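Data block below; observations after.
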Amino acid sequence: MTLRIGVVGTGAIGRDHMRRISKTLSGGEITAVTDVNLESASLAVRELDLNAEIFPDDASLIASDQVDAILVTSWGPAHEGTVLKAIEAGKYVFCEKPLAVTAEGCMKIVNAEMRHGKRLVQVGFMRRYDSGYVQMKKAIDNHEIGEPLMIHCAHRNSEVNAAYTTDMAMTDTLVHEIDVLHWLVNDNYKSVQVVYPKKTRHALEHLKDPQMITLETEGGIVIQVEVFVNCKYGYDIQCEVVGEDGIIKLPEVPGIVYRKDAQLRVNLLTDWKQRFIDAYDKELQDFIDSIRETGEPNGPTSWDGYVAAVTAGACVTAQKTGEREPVRLGVKPEFYKEIGKTKEII
Ligand code: NAP
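Residue 1 is where the sequence shown starts when you use my numbering, and the numbers rise one by one after that.
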């Protein structure tokens with residue numbers, strides 16, 4: 001059966017996902033669309049030449065018998081309500097991050113899903129589908145570098161707009177490292193600390209940039225992440241895991257090598273969508289395939305959404321106190337223990 005998908009939110013990533021589901025991926029079909037701005041929903045349907053019904057709101061879209069799964073790509077604060085309604089209706093959900101903007105909101109979703117009794121929700125943490133991270137995970141799981149001891153990361157954007165605030169460096173930017181790194185090393189975060197290096201002259205007055213974050217895991221791994229969102233030179237994601245027996249590093253994005261004007265040069269990407277374009281395709285294909293094959297989504301879970309919210313929240317607190325702040329997750333429910341393993345999909 002084709003998975004019939006209803007889309008809630010037709011902004012930038014919503015349209016991008018609609019395009020990939022309808023033009024690139026297989027096994028899924030967009031049958032319903034809504035947005036707070038119905039003109040935007042109609043335009044997206046017209047632009048992609050879809051045969052999809054426009055619904056006035058998320059509740060009516062979720063109730064439609066033409067919809068098996070909901071793609072939640074609206075504004076972050078609207079996610080929680082839509083996901084809860086979808087679970088209540090027993091429908092599958094692919095929710096872009098954040099699952100909810102608070103840890104309490106994520107926990108409500110975790111509890112609703114457990115009450116439902118079967119997994120319905122996948123969260124859009126696409127880095128777990130990036131071939132570089134997948135290869136690193138395989139190397140760690142196969143003990144190729146012994147026990148991981150330290151991780152050095154950088155998350156750099158060329159620039160950000162005026163709406164970007166200091167706490168968004170944790171909730172919108174670092175959140176991708178928060179998700180992928182605990183998955184990479186199979187460990188939980190114990191504490192976080194944030195320090196501010198000398199500020200770049202390229203950051204607007206209200207924004208502290210760059211920021212250095214130290215995360216410590218329960219197993220004692222120390223992770224340092226530089227978030228630098230006005231780096232000026234491109235979009236650059238770095239990750240190096242130092243183990244007892246060796247070091248592994250995220251591969252550089254391939255590009256042709258120029259020998260010109262007495263220089264050796266490789267162009268860098270400037271667009272995050274391009275950097276992770278394959279991972280976005282794979283995460284949604286995995287969502288569609290795993291539901292069709294097993295009746296449950298296979299990717300990052302509601303619990304992973306909760307872990308991200310708790311950890312990002314602790315980071316925001318740490319920004320204010322300058323202290324090392326605890327990450328209090330509680331016990332992972334049995335319901336989430338054996339699932340959420342990303343398939344080998346390089
Ligand atoms: P965007 O361009 O602002 O799109 C959000 C869309 O949702 C807009 O069309 C907005 O309408 C609509 N909307 C707002 N509130 C809504 C509601 N209550 N019900 C239905 N629709 C509503 O933002 P975006 O960049 O696409 O981001 C959307 C979400 O995806 C965000 O949570 C973001 O964090 C996440 N995201 C994730 C990644 C990733 O790498 N995984 C990348 C990009 C974005 P108006 O324009 O009229 O307000």
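Heads up, the beta-carbon is just placed ideally off N, CA and C, and yes, glycines get one too.
Predicted model, so just to flag it, every value in this text is computed and none were measured.
For the ligand NAP, I want to know if residue 307 counts as a neighbour, meaning its beta carbon is within less than 6 angstroms of at least one of the ligand's heavy atoms. Looking up residue 307 in the sequence shown gives position 307. No, the Cβ of residue 307 stays beyond 6 angstroms of every heavy atom of the ligand NAP.
**Asked** Got a sec? Which residues, its chain only, sit under 8 angstroms from residue 253 by beta carbon, not counting five neighbours each side?
**Response** The residue you call residue 253 lines up with position 253 of the sequence shown. Within the same chain, residue 253 has close Cβ partners 268, 269 and 275.
Query - Reduced DSSP category for residue 257 - H, G, I as helix; E, B as strand; rest coil - result: Here the question's residue 257 lines up with position 257 in the sequence shown. Looking at residue 257 - three-state DSSP - the assignment turns out to be strand.
Discussion item. Please tell me whether, using a cut-off of 6 angstroms, the distance from the CB of residue 33 to the nearest non-hydrogen atom of the ligand NAP is below it.
Written reply: If you number the sequence shown from 1, residue 33 lands on position 33. Because no heavy atom of the ligand NAP lies under 6 angstroms away, the Cβ of residue 33 does not count as near it: no.
**Report entry** Minimum C-alpha distance to residue 66 - residue among 33, 111 and 170
**Finding:** If you number the sequence shown from 1, residue 66 lands on position 66. It is 33.
Starting from residue 226, follow its DSSP beta bridges and name the residues at the other end.
Within the sequence shown, numbered from 1, the residue matching residue 226 stands at position 226. Residue 226 pairs with 154 and 212.
* Going straight from the alpha carbon of residue 105 to that of residue 259, what length do you get? -> Within the sequence shown, the letter at position 105 stands for residue 105. Within the sequence shown, the letter at position 259 stands for residue 259. In this structure, the straight-line span from the alpha carbon of residue 105 to that of residue 259 is close to 53 angstroms.
Where residue 68 and residue 83 are concerned, what is the direct C-alpha to C-alpha distance, given to the nearest angstrom? On the sequence shown, residue 68 is found 68 positions in, with the first residue counted as 1. On the sequence shown, residue 83 is found 83 positions in, with the first residue counted as 1. Those two C-alpha atoms are separated by around 13 angstroms.
When DSSP builds the beta bridges, which residues end up paired with residue 28? Reading the sequence shown from its first residue, position 28 is the one you call residue 28. Per DSSP, 3.
Q. Is the segment 82–101 in contact with the segment 114–123, if contact means three or more CB pairs nearer than 8 angstroms?
A. Counting C-beta pairs closer than 8 angstroms gives three or more between the segment 82–101 and the segment 114–123, which meets the contact rule.
Q | Secondary structure of residue 190, DSSP reduced to three states | A | Locating residue 190 in the sequence shown gives position 190, counting from the first residue. Residue state, collapsed to three classes: strand.
For residue 110, list the residues DSSP reports as bridge partners.
Along the sequence shown, one-based indexing puts residue 110 at 110. In the DSSP output, where bridge partners are listed per residue, residue 110 has none listed.
### CA-to-CA distance, residue 318 to residue 169, given in whole angstroms
As a first step, residue 169 must be located in the sequence shown, where it is residue number 169. As a first step, residue 318 must be located in the sequence shown, where it is residue number 318. Spanning the two alpha carbons is a distance of roughly 12 angstroms.
*Would you please state the rounded distance, in angstroms, between the beta carbons of residue 284 and residue 55? I believe it to be under 8 angstroms.*
Stepping through the sequence shown from its first residue, residue 284 is reached at position 284. Stepping through the sequence shown from its first residue, residue 55 is reached at position 55. In fact, because the Cβ distance is near 21 angstroms, the residues do not count as touching under 8 angstroms.
Have a look at 233, 7 and 282 and flag the residue whose alpha-carbon is nearest the alpha-carbon of residue 36.
As a position in the sequence shown, residue 36 is number 36, starting the count at 1. Residue 7 is the option with its Cα nearest to residue 36.
message: Judging by CA-CA distance, which residue of 201, 192, 148 and 230 is the nearest neighbour of residue 161?
response: Working through the sequence shown from its first residue, we reach residue 161 at position 161. Scanning 201, 192, 148 and 230 for the CA closest to the CA of residue 161 turns up 230.
(message) Could you compute how far the alpha carbon of residue 200 sits from the alpha carbon of residue 91?
(response) Looking up residue 200 in the sequence shown gives position 200. Looking up residue 91 in the sequence shown gives position 91. For residue 200 and residue 91, the distance between alpha carbons rounds to 46 angstroms.
Residue 121 - DSSP class collapsed to helix/strand/coil
Taking the sequence shown and counting its residues from 1, the one referred to as residue 121 is at position 121. The answer is strand: DSSP assigns residue 121 an E or B state.
message: Between which residues of its own chain and residue 40 is the CB-CB distance below 8 angstroms, once the five residues before and five after are set aside?
response: Residue 40 sits at position 40 when you count from the first residue of the sequence shown. 10 and 11, listed in sequence order.
Quiz item: If you run the structure through DSSP and keep just helix, strand and coil, what is residue 291?
Solution: Position 291 of the sequence shown, counted from the start, is the residue given in the question as residue 291. In this structure, residue 291 counts as helix in the three-state DSSP scheme.
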